[in-house]
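Novice:
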Amino acid sequence: MKKYLLLSAFFVAITVSSISVEAQEEAWKNSYKLEATGKYPESIAAIDAVPANGPEAELKSLRRGWLYYLLGNYNESIREYRYASERNSESVEARLGVTLPLLAQKRWREAEQNAREALKLAPNNYTGLLRLIIALEGQRDWEKMAKTASSMVASYPSDATAYVYLARANAWLNKRTEAVAAYNAVLARYPGHLEAKTYIEQK
C-alpha cells in the first residue's frame, strides 16, 4: 500500500510538472504573438505567471525590459534589464538592453557606461560599438566618437553605418578631407545615401 501511494504521488508530481511546462510554453507563445500585433501591455501580462525565481526568470526580465521599452515605459525597462544583469553578471544582452531606454531618455553618460561594460564582456561587439558611438554623439564628444567609429570600421569594413558615424565625427571636428573620404566609403556601400551625397556636394 505504501509503495502504491509513493508511486501515485510520483505520477501526480509528473503530471503537475507537465501542466506547468505546458502552461509556461503557452504563456511565451501568447506573449510573442501579442508583441507581433503591437499589443505590448498584453504581451507583458501574458508572462506574468512565469515564476520570478524559476529557470526562465532571467529571460522573463529581459523580455519585460524589451517590451517596456517598446511601450515607452523607459524606467520600467531599465529596472527589468538591471534585474537581468543582477541575475547574470556575464550577460552582454542585459548590458546592451539597458542602453536602449537610457538612450531614449538621453541619459548619454549612463548609456556610454553600460555600452563600455558590454564591450568589456564582448570586445568589438557590433551593437555595443554602435550604442557607444550614439552615446558619445549625444555628448558631442567628437574625438572619442571618431576613435570608436574608426575601431568599428576596422572590425566591420563592409558596414555603411560605421562609416556614417566616422564621417559625422570628422565633419564636426572640421576635418573635411577625412569626412569626405568616409562619406565616399558610405556611398560605395550604400549608393545614393542622402547624408553622404549632401555633405560631399557642399562647397
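Just so we're on the same page, the numbering used here is the position in the sequence shown counted from 1, plus 12.
All C-beta atoms in this analysis are idealised placements derived from N, C-alpha and C, irrespective of residue type, glycine included.
Predicted model only: the values in this text are computed from it and were never measured.
Give me the Cβ distance between residue 186 and residue 212, rounded to the nearest whole Å; I'm assuming they're in contact under 8 Å.
Specialist: Sequence index remark: in the sequence shown, residue 186 carries index 174 (1-based). Sequence index remark: in the sequence shown, residue 212 carries index 200 (1-based). About 16 Å; that fails the 8 Å criterion.
Novice: Relative to the alpha-carbon of residue 164, which residue among 123, 77, 84, 135 has its alpha-carbon at the smallest distance?
Specialist: Translated into positions along the sequence shown, residue 164 becomes position 152. Considering only alpha carbons, the answer is 135.
Novice: Apply the 10 Å Cβ neighbour rule to residue 170 and answer buried if 16 or more other Cβ atoms are within range, or exposed otherwise.
Specialist: Numbered from its first residue, the sequence shown carries residue 170 at position 158. Result: exposed.
Novice: Drop a sphere of 10 angstroms on the beta-carbon of residue 20, count the other beta-carbons inside from all chains shown, and report buried for 16 or more, exposed for fewer.
Specialist: Here the question's residue 20 lines up with position 8 in the sequence shown. Reliability fails at residue 20, whose pLDDT of 49 lies under 50, so the model's placement of it is uncertain and the value that follows must be treated cautiously. Residue 20 comes out exposed.
Novice: Go through its chain and collect everything with a Cβ distance to residue 130's Cβ below 6 Å, but skip five positions before and after it.
Specialist: For the purposes of this step, residue 130 is taken as residue 118 along the sequence shown, with counting starting at 1. Excluding residues within five positions, the ones whose Cβ falls inside 6 Å are 104, 107, 108, 140.
Novice: Short of 7 Å in beta carbon distance, which residues of its chain neighbour residue 39, apart from the five on each side in sequence? Order them along the chain.
Specialist: Counting from 1 along the sequence shown, the entry for residue 39 is found at position 27. Within the same chain, residue 39 has close Cβ partners 58, 59, 61, 62.
Novice: Please state if the CB of residue 55 and the CB of residue 73 are separated by a distance shorter than 7 Å.
Specialist: Here residue 73 is taken as the residue at index 61 of the sequence shown, counted from 1. Here residue 55 is taken as the residue at index 43 of the sequence shown, counted from 1. No. Outside cutoff.
Novice: Measure the CB-CB distance between residue 86 and residue 125 and report whether it falls below 7 Å.
Specialist: As a first step, residue 86 must be located in the sequence shown, where it is residue number 74. As a first step, residue 125 must be located in the sequence shown, where it is residue number 113. Judged by their CB atoms, residue 86 and residue 125 are not nearer to each other than the 7 Å cut-off.
Novice: Looking only at its chain, what residues have a beta carbon closer than 7 Å to the beta carbon of residue 46, apart from the 5 residues adjacent to it on each side?
Specialist: On the sequence shown, residue 46 is found 34 positions in, with the first residue counted as 1. Taken in chain order, the residues that qualify are 54, 55, 58.
Novice: Determine the direct distance from the alpha carbon of residue 147 to that of residue 121, and round the result to whole angstroms.
Specialist: Counting from one through the sequence shown, the residue named residue 121 turns up at place 109. Counting from one through the sequence shown, the residue named residue 147 turns up at place 135. Straight-line Cα distance between these residues: approximately 7 Å.
Novice: Among 96, 193, 78, 191, whose alpha-carbon lies nearest the alpha-carbon of residue 50?
Specialist: In the sequence shown, the residue the question calls residue 50 occupies position 38. Closest option to residue 50, Cα to Cα, is 78.
Novice: Which same chain residues end up closer than 7 Å to residue 192 when comparing Cβ atoms and leaving out the 5 residues on each side of it in sequence?
Specialist: If you number the sequence shown from 1, residue 192 lands on position 180. Taken in chain order, the residues that qualify are 212.
Novice: Please return the same chain residues whose Cβ sits closer than 6 Å to the Cβ of residue 112, not counting the five positions on each side in sequence.
Specialist: Here residue 112 corresponds to residue number 100 of the sequence shown, with the count starting at 1. So the list reads 81, once near-sequence residues are dropped.
Novice: Residue 174: which of 145, 188, 153, 184 sits nearest, CA to CA?
Specialist: The residue given as residue 174 occupies position 162 in the sequence shown. Closest by alpha carbon: 145.
Novice: Between residue 158 and residue 172, is the Cβ-Cβ spacing less than 7 Å?
Specialist: Here the question's residue 158 lines up with position 146 in the sequence shown. Here the question's residue 172 lines up with position 160 in the sequence shown. No, Cβ-Cβ distance for residue 158 and residue 172 is not below 7 Å.
Novice: Tell me which same chain residues have a C-beta within less than 6 Å of the C-beta of residue 143, skipping the five on either side of it?
Specialist: What you label residue 143 is simply residue 131 of the sequence shown in a count that begins at 1. These residues qualify, in order along the chain: 111, 127.
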